Ligand SMILES: [Zn+2]
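In our numbering, the protein residues as written are 54 to 175.
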């Protein structure tokens, strides 16, 4: 089955907009917790290079927060759980992680940073 959701980078570079500019540069892997999919593991993120500006960029799926090990939904769930648990951070973390079958250690410092995360529209 072919996936047709990738942007048409040959037609238009996502960075500068020029045709035939972006070239595939490989990928990097990231450990991700995604409670809504009950997924905990490594994912591959594709990277491209804008030849005009020499800038490398990533194609990050919309459900993943940039530079975070938690999905957008996971972060929003943590924020909601924090509010419902009357600002008890440990209870909020436990409630959010409940759907994951495996152990995932979420440091309180990371959880505190996620509480101030603001999801921007795509
Ligand atoms: Zn470009």
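Positions of the beta carbon are idealized from the N, C-alpha and C atoms, including for glycine. For clarity, every value in this text was computed on a predicted model and none was experimentally measured.
Near ligand 1: residue i beta-carbon under 6 Å from a heavy atom
i, result
"residue 68", "yes"
"residue 71", "yes"
"residue 100", "no"
"residue 172", "no"
"residue 87", "no"
"residue 105", "yes"
Per-residue burial, residue i [other beta carbons within 10 Å of its own, 16 or more giving buried]
i, result
"residue 101", "buried"
"residue 149", "buried"
"residue 161", "exposed"
"residue 77", "exposed"
DSSP state of residue i mapped onto helix, strand, coil
i, result
"residue 105", "coil"
"residue 163", "helix"
"residue 94", "strand"
"residue 75", "strand"
"residue 85", "strand"
"residue 80", "strand"
"residue 117", "strand"
"residue 169", "coil"
"residue 129", "helix"
"residue 65", "coil"
"residue 112", "strand"
Beta-carbon proximity list for residue i, same chain, < 7 Å, skipping 5 on both sides
i, result
"residue 62", "75, 101"
8 Å CB neighbourhood of residue i in its chain, flanking five on each side removed
i, result
"residue 172", "118, 125, 128, 129"
Is there contact here, the stretch 80 to 87 with the stretch 110 to 125, by at least three beta-carbon pairs under 8 Å?
yes
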